[in-house]
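Residues in the sequence shown are numbered from 1 upward in steps of one, following my numbering.
We put the beta carbon where it would ideally sit given N, CA and C, even for glycine.
Below is one structure; the comments refer to it alone.
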Amino acid sequence: MISSGSLGLVEAFPNKIPHKPDYSHPKGTSPWPKYGEKPNANTPEVKAWAKLVDWSKVPKLPIRKVKSPGDAPECPKHDVPKSDCWWTCTGCYAPDDVVDCPGKNAWGLTFDDGPQPGTTESLLALLKEKNVTATFFVTGMKSAKAPWLLQDTLEQGHHLASHTWSHSGLTTLTNEEIVAELKWTEKYIYDHTGYKIKYYRPPYGDVDNRVRAIATQLGFTTVIWSNEWDTQDWQLEENTISSKQIVNIFKNDLQTLPKRKNGVITLEHDGDPKMITMARTLLDMGLAKGMKPMDIAQCLNDPVGYNAVPKKPEPKFESVKKPQEELSSSKNEPPKSSPIPDNADNKATTPPELSESDSNDESVSNDESISNGESISSGESVSSGESISQQSVKKVSGALPSSNAAGLSVALWTLAAVAASLVL
Ligand SMILES: [Zn+2]
């Protein structure tokens, strides 16, 4: 399962994003929303994304109060109308919310709040050792600091999902801010992996029917976790719970398994070494009780798990001779599929001088496309950086290392990624 990916889709990324201890951009140069702040809703990108929503279908619920930005909302003293179906304060699930795994003993294994350099690698090693896959609900802001971990996670067969950009309580945000949180994260992951996220988990489980109506129209499915199966491991970081207490909570949960018709989805995190140690303990406990750990796509019998996946790129330019023969003999051949989604505009496949990786000089070129420019570290191919837009894709055939099959494959894959990014 691990080697080929739980979904049977993932191959090694030919253009690996370099592992850098600090992936931040020089001040003011990043096209991405800032770390630790909710994305600005008043930008051309967000305005364009907001047009994807039929706002007449979004209920006009109150924007919930919050003590400090980024926190979970405060629950009001008065009753919340049932029609709001606000999970955080009333425990209400909507029919479309994913809460449990349907299969008996199926165990939807989920880890939130990463990627986190250091601990995410430890978790990946643990899951590899146990030969199981999991879903990683990553935030956009942390992904932007360690995008290579998105690739590493996929390459090891795991499933990526969204945990919003800034980890704010979504019910505390305006409609446009909700759009921004979801779409920026989707775009970041897509631009760096070619996978278009389908599942998202609202931070703190904070979702109501307003948030759902927006997320659903943008193509996302809400995933929470099974009632009582929050492992509370997030408290380890704050030393507000002991490991023994967590083990006891989980032990009690496991005792309810025989009575359950369906499986469960647990909530864990990968931001602290203590959490990884705990993940091992809980994994062993669950396996000993016959639970079957799996990622959310597997748990739901969703054969794809994404709204778009990489597809094999077709060469579109004259300078390429017999590319398929060259590619097939290359160890660094691109994924069997290219990052162009089914709805991609294939007109935009003139090869730009871009790498797919994040960089210090990437720039937003227009309201729908982000380009970047920096050499990539695959060792075979270097492409120079320059921004593009849908109106100005530059001719770059000369930039392709046509005598180098590996480099060519990287360039092809890169090209597809850029073409795909134009349609997000
Ligand atoms: Zn979280």
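| request: Kindly indicate which residue of G286, D230, G305, C75 has the alpha-carbon position closest to the one of V132. | output: Residue 132 sits at position 132 when you count from the first residue of the sequence shown. The option with the nearest alpha carbon to V132 is G286.
| request: Could you work out which residue in S166, S243, H269 is closest to K38 when comparing CA atoms only? | output: Taking the sequence shown and counting its residues from 1, one reaches residue 38 at position 38. Taking only the C-alpha atoms, the option nearest K38 is S166.
| said: For the structure I just gave you, are there three or more beta carbon pairs, one from the region 92 to 102 and one from the region 236 to 252, closer than 8 Å? | reply: no
| request: Report back the beta-carbon spacing between S168 and E155 to the nearest angstrom; my notes put them in contact at under 8 Å. | output: Position 168 of the sequence shown, counted from the first residue, corresponds to residue 168. Position 155 of the sequence shown, counted from the first residue, corresponds to residue 155. No, S168 and E155 are not in contact; Cβ-Cβ is about 30 Å, not under 8 Å.
| From what residue to what residue does the beta strand (DSSP E) around D96 run? | Within the sequence shown, residue 96 is the residue found at index 96, counting from 1. Note, D96: premise wrong, no beta strand (DSSP E); not H, not E.
| P203 Cβ short of 7 Å to ligand 1 heavy atom set | Here residue 203 is taken as the residue at index 203 of the sequence shown, counted from 1. Result yes, Cβ under 7 Å from ligand 1.
| Are the beta-carbon atoms of K183 and L160 separated by less than 8 Å? | Against the sequence shown, residue 183 aligns to sequence position 183. Against the sequence shown, residue 160 aligns to sequence position 160. No, these two residues do not count as a Cβ contact at 8 Å.
| Below-8 Å beta-carbon distance, L61 vs any chain C residue | The chain inventory of the structure shown lacks chain C, comprising one protein chain alone.
| Would you call the region 119 to 127 and the region 144 to 153 touching, i.e. three or more CB-CB distances under 8 Å? | yes
| query | Quick one: Cα of W429 to Cα of C101, how far? | reply | In this structure the chain extends from 1 to 424, so residue 429 is not present and cannot be described.
| field | Whole-number beta carbon distance between M278 and S242, since they are thought to touch under 8 Å | value | Residue mapping note: residue 242 aligns to position 242 of the sequence shown, counting from 1. Residue mapping note: residue 278 aligns to position 278 of the sequence shown, counting from 1. Not confirmed; about 11 Å, so no contact.
| field | Segments assigned beta strand (DSSP E), at least 3 residues, entirely inside the region 241 to 294 | value | 292 to 294
| task | Please name the residue or residues paired with V223 in a DSSP beta bridge. | result | Start at 1 with the first residue of the sequence shown, and residue 223 comes out as number 223. DSSP lists V98 as partners of V223.
| task | With V179 as the anchor, note down where its alpha helix (DSSP H) starts and where it stops. | result | Here residue 179 is taken as the residue at index 179 of the sequence shown, counted from 1. Segment 175 to 193, the alpha helix (DSSP H) holding V179.
| message | Quick check on D112: does DSSP put it in helix, strand or coil? | response | Translated into the one-based positions of the sequence shown, residue 112 becomes position 112. Strand at D112.
| task | Could you pull the start and end residues of the alpha helix (DSSP H) that A213 belongs to? | result | Start at 1 with the first residue of the sequence shown, and residue 213 comes out as number 213. That run of the alpha helix (DSSP H) goes 209 to 217.
| message | Rounded to whole angstroms, what is the Cα-Cα separation between N252 and N301? | response | Translated into the one-based positions of the sequence shown, residue 252 becomes position 252. Translated into the one-based positions of the sequence shown, residue 301 becomes position 301. So the two alpha carbons sit approximately 28 Å from each other.
| query | Just how far apart, CA to CA, sit G103 and K34? | reply | As a first step, residue 103 is located in the sequence shown; it is residue number 103 there, counting from the start. As a first step, residue 34 is located in the sequence shown; it is residue number 34 there, counting from the start. Going from the Cα of G103 to the Cα of K34 covers about 40 Å.
| query | What does DSSP give as the partner residues of Y200 in its beta bridges? | reply | Translated into the one-based positions of the sequence shown, residue 200 becomes position 200. Looking at the DSSP assignment, Y200 forms a beta bridge with S162, T222.
| task | Write down the C-beta distance between P293 and L283 rounded to the nearest angstrom, noting that I regard them as a contact closer than 8 Å. | result | Sequence index remark: in the sequence shown, residue 293 carries index 293 (1-based). Sequence index remark: in the sequence shown, residue 283 carries index 283 (1-based). Between L283 and P293 the Cβ distance is about 7 Å, and since that is below 8 Å, they are a contact.
| request: Would you list the one or two residues that DSSP bridges to D302? | output: Here the question's residue 302 lines up with position 302 in the sequence shown. Beta-bridge pairing links D302 to no other residue.
| query | So is the beta-carbon of D113 under 7 Å away from any non-hydrogen atom of ligand 1? | reply | Within the sequence shown, the letter at position 113 stands for residue 113. Answer for D113: yes, Cβ within range of ligand 1.
| Taking the alpha helix (DSSP H) that V46 falls in, what are its first and last residues? | Residue 46 sits at position 46 when you count from the first residue of the sequence shown. Where V46 is concerned, the enclosing alpha helix (DSSP H) stretches over 44 to 50.
| query | Under 8 Å, do V309 and T172 count as touching if we go by C-beta distance? | reply | Here residue 309 refers to the residue found at position 309 when the sequence shown is read from its first residue. Here residue 172 refers to the residue found at position 172 when the sequence shown is read from its first residue. Not a contact, by the Cβ cut-off of 8 Å.
| field | Unbroken alpha helix (DSSP H) run spanning T120, endpoints | value | Position 120 of the sequence shown, counted from the start, is the residue given in the question as residue 120. Element bounds for T120: 119 to 130.
| query | If you run the structure through DSSP and keep just helix, strand and coil, what is K311? | reply | By 1-based counting over the sequence shown, the position of residue 311 is 311. In this structure, K311 counts as strand in the three-state DSSP scheme.
| message | Helix, strand or coil for D230? Go by DSSP, reduced to three states. | response | Against the sequence shown, residue 230 aligns to sequence position 230. It is a strand residue.
| said: Could you tell me the alpha carbon to alpha carbon distance between G290 and G263, rounded to whole angstroms? | reply: Looking up residue 290 in the sequence shown gives position 290. Looking up residue 263 in the sequence shown gives position 263. Going from the Cα of G290 to the Cα of G263 covers about 11 Å.
| request: Report the residue from H163, G28, K145, E176 whose alpha carbon sits nearest the alpha carbon of T221. | output: Indexing the sequence shown from 1 puts residue 221 at position 221. Closest option to T221, Cα to Cα, is H163.
| Does the region 209 to 217 come close enough to the region 229 to 236 that 3 or more CB-CB pairs lie under 8 Å? | no
| task | Taking only the alpha-carbon atoms, compute the straight-line gap between G114 and I197 and give it to the nearest angstrom. | result | Against the sequence shown, residue 114 aligns to sequence position 114. Against the sequence shown, residue 197 aligns to sequence position 197. Between G114 and I197, the C-alpha separation is close to 15 Å.
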